[in-house]
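Q:
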Amino acid sequence: VGALSWYDKIQPGQFYLDGRIAAANVIARTKSADAAITMLDDINDLTIEQQILVIQTEANLLSQAKRHQDAFELMQKAVNNLPNSAELVYDYAMTAERVGKLEIMEEELYKLIKMRPDYAAAYNALGYSYADRNIKLVEAKTLVETALKLSPDDHYIMDSLGWVYFRLGDLPNAVEYLRKAYQIQADPEIAAHLGEALWKHGQQEEAKLIWEQALKAHPENDVLVATAKKFKS
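In the numbering used here, the protein residues as written are 68 to 300.
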């Protein structure tokens with residue numbers, strides 16, 4: 068409540084929207100996502116960029132509340148109103164994936180690649196989705212390699228390429244890329260992937276150690292918990 072009253076004192080100006088978004092996050096935690104969204108919807112005179120930021124914030128609040136269908140419908144409406152926003156098209160594709168609408172996800176990501184051939188995240192998301200479903204692996208590899216050329220230091224893309232190699236059965240390359248990604252960022256899902264690749268590569272003790280360390284830091288990550296459980300002897 069104290070934080071909320073502080074944010075409410077911010078007057079319209081350079082930091083007004085930042086204050087409103089921060090207040091919305093507090094309202095979502097203390098009241099509801101709907102109350103936060105109502106407050107954000109009442110803000111007037113926004114630029115296109117600010118409108119996009121508000122929409123993204125609202126979708127995140129719904130996703131955090133596990134209301135993935137509502138987030139999807141919000142983003143669907145948003146891309147109809149602002150079809151030229153690469154950020155909204157990408158977010159729409161990701162919300163489509165969360166509700167199992169994989170055809171829409173693929174269609175939107177291909178559209179985004181045509182719209183913005185330099186948008187690394189679009190290639191990565193599409194390639195990772197194929198690898199995760201164990202389909203179109205050759206195309207997945209091409210997509211993720213393109214993403215890595217566009218953004219060579221991105222650990223999430225390195226993770227995707229490692230996972231593609233894992234699916235292709237190329238364990239040495241899988242371990243190399245996943246290890247590199249994990250060294251940059253000790254992300255729980257990267258830990259899950261690296262551990263699985265190490266396990267299949269005959270390095271079970273290291274795999275167990277990585278899962279153990281990651282579970283201490285991220286005990287509630289679904290992917291990590293499920294992976295460690297699958298290989299628990």
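Here a beta-carbon is modelled for each residue, glycine too, at the ideal position from N, C-alpha and C. Owing to the predicted nature of the structure, the values given are computational and were not obtained by experimental measurement.
Looking at Ala-91 and Met-106, is the spacing between their C-beta atoms short of 8 Å?
A: Indexing the sequence shown from 1 puts residue 106 at position 39. Indexing the sequence shown from 1 puts residue 91 at position 24. Going by C-beta atoms, Met-106 is nearer than 8 Å to Ala-91.
Q: Rounded to whole angstroms, what is the Cα-Cα separation between Ser-152 and Leu-129?
A: As a working mapping, residue 152 is identified with position 85 in the sequence shown. As a working mapping, residue 129 is identified with position 62 in the sequence shown. Ser-152 and Leu-129: Cα-Cα distance of roughly 20 Å.
Q: If we ignore side chains and look at the alpha-carbon of each, how far apart do Asp-199 and Asp-112 end up?
A: For the purposes of this step, residue 199 is identified with residue 132 of the sequence shown, where counting begins at 1. For the purposes of this step, residue 112 is identified with residue 45 of the sequence shown, where counting begins at 1. Across the structure, Asp-199 and Asp-112 are spaced so that their CA atoms are roughly 42 Å apart.
Q: Mind checking whether Ile-94 and Ala-102 have CB atoms under 8 Å apart?
A: Mapped onto the sequence shown, residue 94 falls at position 27. Mapped onto the sequence shown, residue 102 falls at position 35. Yes, these two residues count as a Cβ contact at 8 Å.
Q: Have a look at Phe-298 and Phe-139 and give me their C-alpha separation to the nearest angstrom.
A: Numbered from its first residue, the sequence shown carries residue 298 at position 231. Numbered from its first residue, the sequence shown carries residue 139 at position 72. Rounded to the nearest angstrom, the two C-alpha atoms are 34 Å apart.
Q: If I measure Cβ to Cβ from Lys-208 and keep anything under 6 Å in the same chain, skipping five residues before and after, which residues do I get?
A: For the purposes of this step, residue 208 is taken as residue 141 along the sequence shown, with counting starting at 1. Excluding positions up to five away in sequence, the list reads Val-231.
Q: Less than 8 Å between the C-beta atoms of Leu-291 and Ala-259, yes or no?
A: As a first step, residue 291 is located in the sequence shown; it is residue number 224 there, counting from the start. As a first step, residue 259 is located in the sequence shown; it is residue number 192 there, counting from the start. Yes, they are a contact pair.
Q: Starting from the C-beta of Gly-262, find all residues in its chain whose C-beta is less than 6 Å away, skip the five residues before and the five after it, and write them out in chain order.
A: Within the sequence shown, numbered from 1, the residue matching residue 262 stands at position 195. Here the set comprises Ala-274, Ile-277, Trp-278.
Q: Applying the 10 Å Cβ sphere with the 16-neighbour rule, what's the burial state of Ala-284?
A: Position 217 of the sequence shown, counted from the first residue, corresponds to residue 284. Classification for Ala-284: exposed.
Q: Ignore the nearest five residues each way along the sequence and tell me which others in Ser-99's own chain have a CB closer than 7 Å to its CB.
A: Here residue 99 is taken as the residue at index 32 of the sequence shown, counted from 1. So the list is empty, once near-sequence residues are dropped.
Q: In this structure, how does DSSP classify Ser-196 when only helix, strand and coil are distinguished?
A: To locate residue 196, count along the sequence shown from 1; it is residue 129. Helix, per DSSP.
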